[in-house]
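Everything below concerns the one structure shown next.
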Amino acid sequence: MEKIAVIGFENAGKIVKKYGGRAEFDIDVPCRTNAQNYAYSAVFIQSNQSRSVIKSWLGNEHLRLAADESALAAEIDFFLGIPEPLEIERKFLIEKPDEEMLLRYELCDFADIAQAYAENDGGRFRVRKRGRDGDFVYIKTKKIKLSEMKRIEHETRITQAQYTESIKGQKVLYKRRYLLLYGEKCFELDIFPFWQDKALLEIELKAETESFALPPFLKVIKEVTQDKAYRNSVLAKIYGIKH
Numbered sequence: 001m002e003k004i005a006v007i008g009f010e011n012a013g014k015i016v017k018k019y020g021g022r023a024e025f026d027i028d029v030p031c032r033t034n035a036q037n038y039a040y041s042a043v044f045i046q047s048n049q050s051r052s053v054i055k056s057w058l059g060n061e062h063l064r065l066a067a068d069e070s071a072l073a074a075e076i077d078f079f080l081g082i083p084e085p086l087e088i089e090r091k092f093l094i095e096k097p098d099e100e101m102l103l104r105y106e107l108c109d110f111a112d113i114a115q116a117y118a119e120n121d122g123g124r125f126r127v128r129k130r131g132r133d134g135d136f137v138y139i140k141t142k143k144i145k146l147s148e149m150k151r152i153e154h155e156t157r158i159t160q161a162q163y164t165e166s167i168k169g170q171k172v173l174y175k176r177r178y179l180l181l182y183g184e185k186c187f188e189l190d191i192f193p194f195w196q197d198k199a200l201l202e203i204e205l206k207a208e209t210e211s212f213a214l215p216p217f218l219k220v221i222k223e224v225t226q227d228k229a230y231r232n233s234v235l236a237k238i239y240g241i242k243h
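Okay, structure coming up:
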């Protein structure tokens, strides 16, 4: 069952009751360690919370800000796949930023990622190790393509042993992912060890027409949402390290 943290909403308890049995919710819990942060599959924070509260949760890959309880319900619905589990994202090729500059940005954190693509009787899937400083989570993801921007996505937590078994004989792609908040949107910026002059920036959306502003301190080369050459599965084939 998904474990979700909800922070800063007056009537959060009433809202989460309707999801009984679909997820385990913790309300207004503090975050003090990476391990605690990674224990949650998603974190939803009221956007008027202090920067210190938001920053404490920033390492969570599914951190989202919501202005009010209606927006909170929409975010939870989307995360839990109601009515269906979708991933909608746009991707940009950018000039590689100065990583020290990123870390000076107040609402920025990072995690190290290793991921590989494998196949079994159930089809093709991705396994990922994500975390830092000795604290990691392991995730298995299956995707069904609907368009270049939109996919049906199923994610499950797995054990370290399951991850290790899945990457045997596969090429593993390594990257450092910076998570940064700008304009109340969470952007994912991937730095790869094999590129010295470029990086990838992604944003996950709830609708293909959802508007957003790109961080002005990042230099966009071009949008590559529909360019297969910049898919992580393709990069893994070219640059991945075989295990």
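Residue numbers for the sequence shown follow the UniProt record's numbering, so the first one is 1 and each next one is one higher.
Where a beta carbon is used, it is the ideal one built from N, C-alpha and C, also for glycine.
**Item:** Of the listed residues L180, E75 and E10, nearest to I4 (C-alpha basis)
**Value:** E75
**Request:** Tell me, to the nearest whole angstrom, how far the beta carbon of Q162 is from that of Y138; I am working on the premise that it is less than 8 Å.
**Result:** 7 Å
**Request:** Excluding the 5 residues preceding and the 5 following L107 in the sequence, name in chain order all residues of the same chain whose CB lies nearer than 8 Å to its CB.
**Result:** Within the same chain, L107 has close Cβ partners R51, I54, K55, L58, L180, L181 and Y182.
**Asked** Is the beta carbon of E95 sitting closer than 8 Å to the one on I221?
**Response** yes
**Prompt:** Which of helix, strand or coil does DSSP assign to Q115?
**Reply:** strand
**Asked** Where do the ends of the beta strand (DSSP E) carrying Y182 lie?
**Response** K171 to Y182
**Message:** Less than 6 Å between C-beta atoms, sequence neighbours within five positions excluded: which residues of the same chain meet that for V16?
**Reply:** The answer, listed in chain order, is F25.
**N- and C-terminal bounds of the alpha helix (DSSP H) containing K237** = N232 to Y239
**Request:** In angstroms with no decimal places, state the Cα-to-Cα distance between G134 and E99.
**Result:** 21 Å
**Request:** Leaving out five residues on either side along the sequence, give the residues of the same chain with a beta carbon under 7 Å from the beta carbon of A66.
**Result:** F44, Q46, S47, L72 and E75
**Asked** For F187, which option in R22, L102 and S147 has the closest C-alpha, if you only look at C-alpha atoms?
**Response** For F187, the nearest C-alpha among the options comes from L102.
**Asked** Taking the continuous alpha helix (DSSP H) assigned at Y163, which residues delimit it?
**Response** Q160 to S166
**Prompt:** Taking 7 Å as the line, does the beta carbon of E95 fall inside it for any heavy atom of the ligand HEM?
**Reply:** Only the bare structure without any ligand can be found here, which leaves the ligand HEM out of the picture.
**Backbone CA spacing between A240 and R32 [nearest angstrom]** = Note on identity: in this sequence residue 240 is Gly, with Ala being the wrong assignment. In a straight line, the C-alpha of G240 is about 34 Å away from that of R32.
**Request:** State the DSSP-derived secondary structure class of Y138, mapped to helix, strand or coil.
**Result:** strand
**Message:** Between R126, S70, E87 and N37, which has its C-alpha nearest E165's C-alpha?
**Reply:** R126
**Message:** Would L173 and N120 be called neighbours here (beta carbons separated by less than 8 Å)?
**Reply:** Not closer than 8 Å, so no.
**Prompt:** Since I54 is in the beta strand (DSSP E), which residue starts that stretch and which ends it?
**Reply:** Taken as a continuous stretch (DSSP letters only), I54 belongs to no beta strand (DSSP E), being part of the alpha helix (DSSP H) at R51 to S56.
**Prompt:** Between the C-alpha atoms of L205 and K228, what's the straight-line distance to the nearest angstrom?
**Reply:** Distance between L205 and K228, taken at the CA atoms: about 19 Å.
**Prompt:** Can you tell me whether DSSP reads F110 as helix, strand or coil?
**Reply:** Reduced to three states, the DSSP call for F110 is strand.
**Prompt:** Do the CB positions of G169 and H243 come within less than 8 Å of each other?
**Reply:** yes
**Item:** Test item: CB-CB of A35 and M1 under 8 Å
**Value:** no
**Message:** Within 10 Å of its beta-carbon, does P215 have 16 or more other beta-carbons around it, so buried, or fewer, so exposed?
**Reply:** buried
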